[in-house]
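Residue numbers (the numbering used here): 2 to 491. Notes to accompany the following structure.
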């Protein structure tokens, strides 16, 4: 069910000179609550500003489909920085990674025709904006260009990108997914176009791409029957006894042949298994559940696109299953490879290569989603380090906590870089991120394999996500509306 077409809101920023020169023409825009009807029948709500400082402040308070900046009153300005757009854009574009502004490709600058046109056009091009209009003949043409940006005929796809985070992170992500799914009006998350997942996120993405709703996944993770079978502790924590037996047997055979290593440390390292848990039961579970009627274990038979990120253990390269040439692998094997977080889970062998957790090389597969048409990307990243002002707090929690805290800090930095780079690399893409707040982190243990507090973690994430959706409701609702999704306020 497609959401009803909404009339987009656009901002038109003009300098004082052009406001005075075109006062009669602009008077029709004095009431933004009344939509302006364009020659082709399209409608837009226009918010007119003649003060750049007020414009920046107001734009950050409401979702906008397009931002128009009229430089035609600045013909005498020698440099672009002295124009209306030159004064407004630095403040607007400083909101990198914020959902509270239209994407860069929704910003259009109107230029006068003259000696500085080429120079100013070049300056605008370096900012990767939506483009320029050279001295358009009428206000209707300007607003029509804004409407085309705000309501493109081909808006692109909507993607859900799930990062890793161990078992605790998985329950955090499930809580956020339940809140998102509950907020959608008449549609469900599994109707999104693109799903990508790494590690724990890969498990969830595989089921979501198969049409399983977050509440059904939550029931299974809590040991209850749903569309998929219950997940048990024995399934997640199956001791890696087979590898231990093989390694000990191999060491005994080497001793019998006189090939025992001279260094005790080398000997111990050779006998030690790759991981504590084999992961065999997880692979079997995924294969069995994804082969049920109505679901598929085949990337090529899904209704949407699914991408699973893993790391080639020997080359250190990031590999994304589900892309061309890597879509003949069973989804269950790809997910098992993506979740092979050493030293917890053993590597997964696929096609002669050994794969481990995708989080070792990439925090999230946002780039892959964009390359396959995503223009709105919702990311969930649970791997946020605990943030405390108390010196020595982390070291006081012990070696395991400090190790995990260091890993989370490294991965979070990499994630932040990806999100920050996305705005410049993909000016046409809107990215919305859910991650634990400092208050959420007070209730998370800081470990990755926390299974026993799954209910508390999930409910905390659900409540936190609902608060976030309520706080950013207008912006998120406007973004989703472009893709046919209506949002209910929590």
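Glycine included, each C-beta is placed from N, C-alpha and C at the ideal position.
- Spanning the alpha carbons of residue 190 and residue 40 requires a straight line of approximately 37 Å.
- The three-state reading of DSSP puts residue 349 in strand, counting E and B together.
- Scanning its chain for C-beta atoms nearer than 8 Å, with the 5 sequence neighbours on each side dropped, one finds around residue 427 the residues 371, in chain order.
- Short of 8 Å from the beta carbon of residue 480, and not among the five residues preceding or following it, lie these beta carbons of its own chain, in chain order: 64, 100, 377, 431, 433.
- Relative to residue 472, the option among 373, 319, 435 whose CA is nearest is 435.
- Ranking 53, 443, 67 by CA distance to the CA of residue 47 puts 67 first.
- Here DSSP, grouped into helix, strand and coil, assigns residue 88 to helix.
- The residue from 15, 14, 149, 13 with its alpha-carbon nearest to that of residue 42 is 149.
- In this structure, residue 16 lies away from residue 462, with their beta-carbon atoms at least 8 Å apart.
- By the Cβ-count criterion, residue 139 is exposed, with fewer than 16 other Cβ atoms from all chains shown falling within 10 Å of its own Cβ.
- Contact annotation, residue 339 with residue 359: C-beta distance approximately 5 Å; criterion of less than 8 Å satisfied.
- When DSSP assignments are scanned along the stretch 3–35, the uninterrupted stretches of beta strand (DSSP E) that are 3 or more residues long and fall wholly within it turn out to be 10–15.
- By the Cβ criterion, the stretch 296–316 is in contact with the stretch 326–337, since at least three pairs of Cβ atoms, one from each stretch, lie closer than 8 Å.
- Excluding five sequence positions before and after residue 12, the CB atoms of its chain that fall closer than 7 Å to its own CB belong to 48, 50, 56, 60, 65, 68, 69, given in chain order.
- According to the DSSP assignment, residue 118 belongs to the alpha helix (DSSP H) that extends over 118–127.
- Contact between the stretch 166–173 and the stretch 126–140 is absent: fewer than three C-beta pairs spanning the two stretches fall below 8 Å.
- The beta carbons of residue 230 and residue 280 sit no closer together than 8 Å.
- Rounded to whole angstroms, the gap between the alpha carbons of residue 115 and residue 152 is 31 Å.
- Beta-bridge partners of residue 438 (DSSP): none assigned.
- Short of 8 Å from the beta carbon of residue 351, and not among the five residues preceding or following it, lie these beta carbons of its own chain, in chain order: 330, 334, 335, 338.
- In the three-state reduction of the DSSP assignment, residue 110 falls in the strand class.
- Secondary structure of residue 139 (DSSP, three-state): coil.
- An exposed status is given to residue 187, since fewer than 16 other beta-carbon atoms sit within 10 Å of its beta-carbon.
- For residue 309, the beta-bridge partners assigned by DSSP are 198, 322.
- If the five residues before and after residue 221 are omitted, its C-beta is found closer than 7 Å to the C-beta atoms of 227, 229, 230, 231, 232, all from its own chain and listed in chain order.
- Non-local C-beta neighbours of residue 457 in its own chain, meaning closer than 7 Å and more than five positions away in sequence, comprise 444, ordered along the chain.
- Counted as a single uninterrupted DSSP element, the beta strand (DSSP E) harbouring residue 379 occupies residues 375–381.
- A residue is called buried once 16 or more other Cβ atoms fall within 10 Å of its Cβ, and residue 356 is buried on that count.
- For a cut-off of 8 Å, the C-beta gap from residue 419 to residue 367 is around 6 Å, short enough to register as a contact.
- Across the set 385, 423, 476, the C-alpha of 385 shows the shortest separation from the C-alpha of residue 413.
- 182 is the residue among 304, 217, 182, 211 whose C-alpha sits nearest the C-alpha of residue 470.
- In the DSSP annotation of this structure, the continuous segment of the alpha helix (DSSP H) that includes residue 282 starts and ends at 281–291.
- Contact check for residue 379 and residue 161: beta-carbon distance about 5 Å, within the 8 Å limit, so the pair qualifies.
- Residue pairing from DSSP places residue 47 in a beta bridge opposite 11.
- Comparing C-alpha distances from residue 417 to each of 211, 32, 363 shows the shortest one belongs to 363.
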